[in-house]
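So the sequence shown is numbered by this note's numbering: it starts at 522 and just counts up by one. In this text, a Cβ means the ideal position worked out from N, Cα and C, and glycines have one as well. A short worksheet on the structure shown next.
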Amino acid sequence: MTHAPRFVGWDLTDPFARAPRPVDEAIVDADGRVRFSQRVWPRAPDPEALAEAFAVGPGDVVVVDGPQALANPGAKMRDAERKLRAPGRTPDVLPLPGPPFAGFVRGGVLLFAALRAHARLPMLDLDTPELSRARLFEAFPGATWRALAVEKLGAKASPEGRARRQALLEATGLRFENAGTCTHDQLDAALCAWLGWCTRARPGDVTAVGLPLTQDAAGTLREGRILDGVPRR
522 MTHAPRFVGW DLTDPFARAP RPVDEAIVDA DGRVRFSQRV WPRAPDPEAL
572 AEAFAVGPGD VVVVDGPQAL ANPGAKMRDA ERKLRAPGRT PDVLPLPGPP
622 FAGFVRGGVL LFAALRAHAR LPMLDLDTPE LSRARLFEAF PGATWRALAV
672 EKLGAKASPE GRARRQALLE ATGLRFENAG TCTHDQLDAA LCAWLGWCTR
722 ARPGDVTAVG LPLTQDAAGT LREGRILDGV PRR
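What follows is the structure in structure tokens.
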């Protein structure tokens, strides 16, 4: 039985917060229709629990707003984060929750490792050199919004900023049927899903920034490229 492709975007939150917020999920079908839902972090973020809480279907292409791996030894942040001016910096060791972005970074790295190990989702560079064959990617929506916008966007949480961002995605072919007014987290998730869709339908509209993903002798994932949109001319 052939499963229709789905493109899944997740806007990660901090699973180690006192009261973790749900993760907004956007699912885009092959025709560009968007629907939203949410995922809930497991109480104990061990690999099996993470893979179960973030289960995906056969053939799903998943794009996550969250770090996929640690920096290379001796680096304070990843090459892709520096190039895309990401506010969260992933160090070369897994951070303990507490400082700003530390729980978010830890959760992202643990989630990617769990999905690769337990859901067998192939990742770019480490498992395949081709965008069209990888099924688990990282994105940084802040950079891609800048790439898509012809002019400066309003604040992402403002009504004007949200309307402009939704219009940008609609111009790429996404259809927000019965979605109402989207939150900025939903729009970031939809942007992630759109990037996944581009790896199959519009490869010329997407690029991968940063150093290739590797796995060290201890089994730790390091660096990794971030999907980004090609700037509009």
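Here DSSP, grouped into helix, strand and coil, assigns Phe528 to strand. The beta carbon of Pro616 sits closer than 7 angstroms to the beta carbons of Ala623, Val626 and Arg627 from its chain, once the five residues preceding and following it are set aside; these are given in chain order.
Contact between Ala729 and Leu748 holds: their C-beta atoms lie close to 6 angstroms from each other, under 8 angstroms. Relative to the Cα of Phe697, the nearest Cα in the group Arg554, Arg539 and Arg527 belongs to Arg554.
Spatial neighbours of Pro566 in its own chain (CB-CB distance under 7 angstroms, excluding positions within 5 residues in sequence) are listed in chain order as Pro536, Gly628 and Leu631.
The DSSP-derived three-state label of Thr720 is helix. DSSP, read as helix, strand or coil, puts Gly628 in helix. DSSP, reduced to helix, strand and coil, places Glu573 within a helical segment of the structure shown.
The Cβ atoms of Asp706 and Asp545 lie closer than 8 angstroms to each other. The beta-carbon separation of Asp532 and Ala710, rounded to 4 angstroms, stays under the 8 angstroms limit for a contact. For Gly682, the enclosing alpha helix (DSSP H) begins and ends at Pro680 to Ala692. The criterion of a C-beta distance shorter than 8 angstroms is not satisfied by Thr741 and Leu652. Apart from sequence neighbours up to five positions away, the residues of its chain that approach Val585 with a beta-carbon distance below 8 angstroms are Gly530, Trp531, Leu533, Gly629, Leu632, Phe633, Leu657, Phe658, Glu659, Ala660 and Cys713, ordered along the chain. By the criterion of a C-beta distance shorter than 6 angstroms, Phe528 is surrounded in its chain by Val549, Val582, Ala714, Gly717 and Trp718, once the five residues flanking it on both sides are discounted.
Between the alpha carbons of Trp562 and Ala572 lies a gap of roughly 10 angstroms. If you draw a 10 Å sphere on the C-beta of Ala538, you find fewer than 16 other C-beta atoms in it, and that means exposed.
In this structure, Arg743 lies away from Gly731, with their beta-carbon atoms at least 8 angstroms apart.
It is roughly 12 angstroms from the alpha-carbon of Ala739 to the alpha-carbon of Pro594. Under the three-state reduction of DSSP, Glu546 is assigned to strand.
Ala729 carries a strand assignment under DSSP once its states are collapsed to helix, strand and coil. Ranked by how close their Cα comes to the Cα of Ala592, the residues Pro680, Val751, Pro752 and Thr735 have Thr735 in first place.
Just so you know, the alpha carbons of Ala635 and Leu642 end up roughly 10 angstroms apart. Nearest in C-alpha terms to Pro541, of all of Arg560, Ala525, Ala607 and Asp552, is Arg560.
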